[in-house]
Amino acid sequence: MVRLPYLTALTTLLSYGILFVFGHLRDFFRKIFDWSKSNNLQGYAPICLGYEDFYTRRLYLRIQDCFGRPISSAPDSWFDVVERYSNDNNKTLHRTEKTTKCLNLGSYNYLGFAAADEYCTPRVIESLKQYSVSTCSTRVDGGTTKLHTELEELVARFVGKPAAVLFGMGYVTNSAIIPALIGKGGLIISDSLNHNSIVNGARGSGATVRVFQHNNAPHLEEVLREQIAHGQPRTHRPWKKIIVIIEGIYSMEGELCKLPEIIAVCKKYKVYTYLDEAHSIGAVGQTGRGVCELLGVDTADIDIMMGTFTKSFGSCGGYIAASKEIIQHLKRTCPAHLYATSMSPPAVQQVISAMKVILGEDGTNRGAKKLAQIRENSNFFRSELQKMGFEVLGDNDSPIMPIMLYNPAKIPAFSRECLHQNVAIVTVAFPATPLLLARARICISAAHSREDLIKALEVISKVGDLVGIKYFPVEPVKPNKVEHLKKIE
Amino acid sequence: MASGIMDVIANALNLITSAFDAPTGAIIFGVPIDGHLMFEALLVMVIVFQLTKKSHKPPKKPLTEKEIDELCDEWVPEPLTSDSTEETMIEPPTLESAAGPHVIVDGKDVVNFASANYLGLVGNKNVIDSCVGSLEKYGVGSCGPRTFYGTMDVHLDCEARIAKFIGMPDCALYSYGFCTIFSVIPAFSKKGDIIVADEGVHWAVQNGLDLSRSTVFYFKHNDMKSLEAIFEKITSRIKEPEKVRRYIVVEAIYQNSGQIAPLNEIVRLKEKHKFRIILDESHSFGVLGNSGRGLAEYCGVPNEKIDIITAGMGNALATDGGLCTGSVGVVNHQRLMSSAYLFTASLPPYLASAAIGALEYLEANPSVLTKLRANIAFLLKELSDVSGLATVSHPLSPIIFLKLKKSTGSNKTDMHLLDSITNQVLKEHSVLIVTTKRSSLDKCPLPLGLRLFVSASHSESDLVKAAASLKKVAAVAFS
Numbered sequence: 001m002v003r004l005p006y007l008t009a010l011t012t013l014l015s016y017g018i019l020f021v022f023g024h025l026r027d028f029f030r031k032i033f034d035w036s037k038s039n040n041l042q043g044y045a046p047i048c049l050g051y052e053d054f055y056t057r058r059l060y061l062r063i064q065d066c067f068g069r070p071i072s073s074a075p076d077s078w079f080d081v082v083e084r085y086s087n088d089n090n091k092t093l094h095r096t097e098k099t100t101k102c103l104n105l106g107s108y109n110y111l112g113f114a115a116a117d118e119y120c121t122p123r124v125i126e127s128l129k130q131y132s133v134s135t136c137s138t139r140v141d142g143g144t145t146k147l148h149t150e151l152e153e154l155v156a157r158f159v160g161k162p163a164a165v166l167f168g169m170g171y172v173t174n175s176a177i178i179p180a181l182i183g184k185g186g187l188i189i190s191d192s193l194n195h196n197s198i199v200n201g202a203r204g205s206g207a208t209v210r211v212f213q214h215n216n217a218p219h220l221e222e223v224l225r226e227q228i229a230h231g232q233p234r235t236h237r238p239w240k241k242i243i244v245i246i247e248g249i250y251s252m253e254g255e256l257c258k259l260p261e262i263i264a265v266c267k268k269y270k271v272y273t274y275l276d277e278a279h280s281i282g283a284v285g286q287t288g289r290g291v292c293e294l295l296g297v298d299t300a301d302i303d304i305m306m307g308t309f310t311k312s313f314g315s316c317g318g319y320i321a322a323s324k325e326i327i328q329h330l331k332r333t334c335p336a337h338l339y340a341t342s343m344s345p346p347a348v349q350q351v352i353s354a355m356k357v358i359l360g361e362d363g364t365n366r367g368a369k370k371l372a373q374i375r376e377n378s379n380f381f382r383s384e385l386q387k388m389g390f391e392v393l394g395d396n397d398s399p400i401m402p403i404m405l406y407n408p409a410k411i412p413a414f415s416r417e418c419l420h421q422n423v424a425i426v427t428v429a430f431p432a433t434p435l436l437l438a439r440a441r442i443c444i445s446a447a448h449s450r451e452d453l454i455k456a457l458e459v460i461s462k463v464g465d466l467v468g469i470k471y472f473p474v475e476p477v478k479p480n481k482v483e484h485l486k487k488i489e
Numbered sequence: 001m002a003s004g005i006m007d008v009i010a011n012a013l014n015l016i017t018s019a020f021d022a023p024t025g026a027i028i029f030g031v032p033i034d035g036h037l038m039f040e041a042l043l044v045m046v047i048v049f050q051l052t053k054k055s056h057k058p059p060k061k062p063l064t065e066k067e068i069d070e071l072c073d074e075w076v077p078e079p080l081t082s083d084s085t086e087e088t089m090i091e092p093p094t095l096e097s098a099a100g101p102h103v104i105v106d107g108k109d110v111v112n113f114a115s116a117n118y119l120g121l122v123g124n125k126n127v128i129d130s131c132v133g134s135l136e137k138y139g140v141g142s143c144g145p146r147t148f149y150g151t152m153d154v155h156l157d158c159e160a161r162i163a164k165f166i167g168m169p170d171c172a173l174y175s176y177g178f179c180t181i182f183s184v185i186p187a188f189s190k191k192g193d194i195i196v197a198d199e200g201v202h203w204a205v206q207n208g209l210d211l212s213r214s215t216v217f218y219f220k221h222n223d224m225k226s227l228e229a230i231f232e233k234i235t236s237r238i239k240e241p242e243k244v245r246r247y248i249v250v251e252a253i254y255q256n257s258g259q260i261a262p263l264n265e266i267v268r269l270k271e272k273h274k275f276r277i278i279l280d281e282s283h284s285f286g287v288l289g290n291s292g293r294g295l296a297e298y299c300g301v302p303n304e305k306i307d308i309i310t311a312g313m314g315n316a317l318a319t320d321g322g323l324c325t326g327s328v329g330v331v332n333h334q335r336l337m338s339s340a341y342l343f344t345a346s347l348p349p350y351l352a353s354a355a356i357g358a359l360e361y362l363e364a365n366p367s368v369l370t371k372l373r374a375n376i377a378f379l380l381k382e383l384s385d386v387s388g389l390a391t392v393s394h395p396l397s398p399i400i401f402l403k404l405k406k407s408t409g410s411n412k413t414d415m416h417l418l419d420s421i422t423n424q425v426l427k428e429h430s431v432l433i434v435t436t437k438r439s440s441l442d443k444c445p446l447p448l449g450l451r452l453f454v455s456a457s458h459s460e461s462d463l464v465k466a467a468a469s470l471k472k473v474a475a476v477a478f479s
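If you read the protein sequences in the order shown, they are chains A and B.
Sequential numbering from 1 applies to the first sequence in the UniProt record's numbering.
Sequential numbering from 1 applies to the second sequence in the UniProt record's numbering.
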């Protein structure tokens, strides 16, 4: 949980207040200057009315160069960031030909499959030559190849469920599956910090949606008891079915979900569970099987397990793993299966190869080494950051660690200063996080070596001192600790 | 006796009246207060007190813990999937080679009319070579959303290329064709806005309309009179036209019927009533028009009149992903407000290279469009006398749509009949054609039928074989 010191909260509010006042002043003057210019909308309503895009125009555009930085190489542990310049104070940015090699702390490359891999890439190229780039067809028409059926069986085996079905994109998986499972007369209870795709899917389904406090199993129980006892709103008829939706690792907090407690509550009240493992599949657990393995929960207790291939497997697409009946039902009704182009065959092959490496079926132990490496890297990095006095969120073993910034001015300062020192950092502000809780988010990869991490720590510590985000007291550095760090290769 | 009581009553009355009329000796605001005024003041106070007191409701008792426990124990949920599984799943054919005009299914060579490979780019050597280069340089996935180091120079090049090809100032690239339209609509249209849509739009558009929470009006499929009537109705009802955004959503080639939207008429109406047009060109991009620029080029409408064009690239361009173009303001708005652009990983770089390769091929070989049109015309002529089925698609639509001349009455039996026809055509004649699939969540009211996707790389013998086998099977099925 985030503990916001009072002084920081006050200064953050003050900063935002100043920014808003300035923004409104500029809008006011803009209105006066534009009053003489003719309005060229000719009777059409403008795309953005009133203050809908105030935040975008007056706050976001000032620091636009911190977001959307283009790269010109694979998103591996080191990559080339393209330099950009602006002639009009960040309103428009132009590319240059120059690039800088930076340490990548922002891409979702947990197991290091992002760049060309010695086992995966030759097989991907072979499948590209055999099946071409795309099947141009939906799965039910003529878009199912042998690779797709092979991957569905492999995913089901990997995750630990009887059957699985693939989709071409993770976002679409959530948005199109939830309406197929539940409709009007049903209830969805979702964690308050769930991802936008789940929110969209829940809204599109037509069911009633209620929210429970983030990761709070007693509050979930309270909400369940109240909802089951009172039934549907206004008519008080009993609910047709109830689904609880949670995520394995929450990408903005880096926290693992309290899975055993929540599953216990769900079993007691006979509600169905839906687990979104977008960030945790392949990245946590002894053999990479996700939060269920890490927290010791039997996969048979969760009704539907969803995941994506973008993060740990270096590909694209999503999957749903559940019982055979549910998968058959989804194959018959889910619009993403019936209407959307099937996943591109080379991407399917990449996932098959990556999974084989993780399972050790390629004949080497690279998979086990990668899993051990990411665990070690994450724990080392997190503990070092905490010792330096930063406010770091997230649990142990999770490869995502957000560092709190709070103040709006520190967002561009931290981002730009780190880039000067060749470390590429991701900063997140409103609307992805609450207004006062801006943060910098670090994603650790198995491809990072110990030297990379030590360099990153040095840079972050220096910049952190400059910007002033070490909110907690620094642990006194023992004299022999520095040599200890450097000795570990 | 009676007179005694009367005397007592009379005395009491006298006492009360004298008390009422007696001056109390107090003078407030220059008015002498008499006894009766005190009594009236007391009465007024009592009335006010009663009025302000809440009416008596029986006290609301919340449910006790024990009652809640009982209700929770009694509640029985429906099963998660309540399907009648009597209908067995028909497994789609599994391909064992690239989805070109000929494909291998179950070890046999089959003529493929199920892939929307309109320009014949599946298996194109130049495209595959550029993809191999891209895979070796960038790997497969992009590992991040566009705002967090997921933007590669390939994406920016692809956007610029597409914008140049269509003739619009800018373009936004999405990572999946299916989600483009259902993310674009809610980004521009919110609660309180008005959308007019064709009733035959596909599910992704319907989902976008639902998510936008706007007021939606449907007009009869491709019927301009119905559209005009709805426009008149809406314009007369809007009170503040400057504040309500209005959109019309149509597809260039409807994938549920193969009809083409009459763009000239639609543009005329939308300019009269001040609507903005959102055009989904998934099946017409790279197909219609002299150089493949889409419906606007075919109808001779200048690009500035179309506000927003979206397209999925999984059809003519033989890659994956989606695009959305428009004016600079439109595209910039999407980069910050469209959820499928912001909250999801970007398009894999090799697919963007494939898109660039496809556009280069199309610009270098515009004759492929004439070949495609010739193929469509030839196949339509061959299929004009199939028993029991009638072609209803537009002569220029690369999706040839055949519907049943006489429906059996229910969608389910229609589907069974059509499925048996396609199965037979595949098994006995090695031609792959497909039926329309309809999800139970789909609200489209258009009839079901058979679809053939014609490609520029189909040879004349392929087309003859397809038509002949369908005629043979249909003759048996409808005899």
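We treat Cβ as the ideally placed atom computed from N, Cα and C, and that holds for glycine.
- Residue-level contact check: residue 132(A) touches chain B, since one or more beta carbons of chain B fall below 8 Å from its beta carbon.
- Residue nearest to residue 178(B) within the set 14(B), 72(B), 360(B) and 283(B) is 283(B) (criterion: CA-CA distance).
- Partner residues in the beta bridge of residue 250(B), as assigned by DSSP, are 279(B).
- DSSP lists 103(A) as the bridge partner or partners of residue 78(A).
- When the alpha-carbon of residue 175(A) is set against those of 17(B), 206(B) and 200(B), the nearest one is in 206(B).
- Within the stretch 281-354 of chain B, the complete beta strand (DSSP E) segments of 3 residues or longer fall at 308-312 and 322-326, listed in chain order.
- One alpha carbon belongs to residue 295(B), the other to residue 399(B), and they sit about 15 Å apart.
- Under the 8 Å criterion on CB atoms, residue 176(B) is classed as interfacial with respect to chain A.
- In the structure shown, the three-state DSSP call for residue 435(A) is coil.
- Under DSSP, residue 276(A) forms a beta bridge with 247(A) and 306(A).
- Residues of the stretch 382-405 of chain A with a Cβ closer than 7 Å to any Cβ of chain B: none.
- As far as DSSP is concerned, residue 381(A) takes part in no beta bridge.
- Neighbours of residue 49(A) in chain B, taken as residues whose beta carbon is under 8 Å from its own, are 243 and 245 in chain order.
- Flagged as an interface residue toward chain B: residue 326(A), by a C-beta distance shorter than 8 Å.
- Less than 8 Å divides the Cβ of residue 141(B) from the Cβ of residue 314(A).
- Proximity of residue 141(A) to chain B, defined by a Cβ-Cβ separation below 8 Å, is satisfied.
- When rounded, the separation of the alpha-carbon atoms in residue 366(A) and residue 358(A) is 7 Å.
- Within 10 angstroms of the beta-carbon of residue 344(B) lie 16 or more other beta-carbons, which makes it buried.
- The continuous beta strand (DSSP E) containing residue 190(A) extends over residues 187-191.
- Cβ contact annotation for residue 15(A) (same chain, cutoff 7 Å, sequence separation greater than five): 407, 408 and 409, in chain order.
- Boundaries of the beta strand (DSSP E) around residue 217(B): 215-219.
- Comparing alpha-carbon positions, the option among 396(A), 55(A) and 385(A) lying closest to residue 403(A) turns out to be 385(A).
- Inclusion of residue 104(B) and residue 96(B) in the CB contact set at 8 Å is warranted, their separation being smaller than that value.
- Put simply, the backbone Cα of residue 32(A) is about 39 Å away from that of residue 263(B).
- In the three-state reduction of the DSSP assignment, residue 437(B) falls in the coil class, being assigned neither a helical nor a strand state.
- Residue 57(B) has its alpha-carbon roughly 51 Å from the corresponding atom of residue 172(A).
- For residue 204(A), the nearest CB of chain B lies under 8 Å from its own CB, placing it at the interface with that chain.
- For residue 434(A), not one C-beta of chain B is nearer than 8 Å to its own C-beta.
- Residue 331(B) and residue 172(B) have their C-alpha atoms some 6 Å from each other.
- Between the stretch 75-90 of chain A and the stretch 275-294 of chain A, the count of C-beta pairs closer than 8 Å stays below three; the two stretches do not touch.
- In this structure, 170(A) is the residue among 216(A), 210(A) and 170(A) with its C-alpha nearest to the C-alpha of residue 197(A).
- Annotated as proximal: residue 348(A) and residue 151(A), with beta-carbon spacing under 8 Å.
- By the rule that beta-carbons nearer than 8 Å mark a contact, residue 86(A) does not touch chain B.
- Interface annotation for the stretch 87-112 of chain A against chain B: 95, 104, 106, 107, 108 and 109, criterion Cβ-Cβ distance under 8 Å.
- Scanning chain B for C-beta atoms nearer than 8 Å to the C-beta of residue 250(A) yields nothing, as the closest lies near 14 Å away.
- Identification of chain B residues near residue 246(A) by a Cβ-Cβ cut-off of 8 Å yields none; the smallest Cβ-Cβ distance measures about 16 Å.
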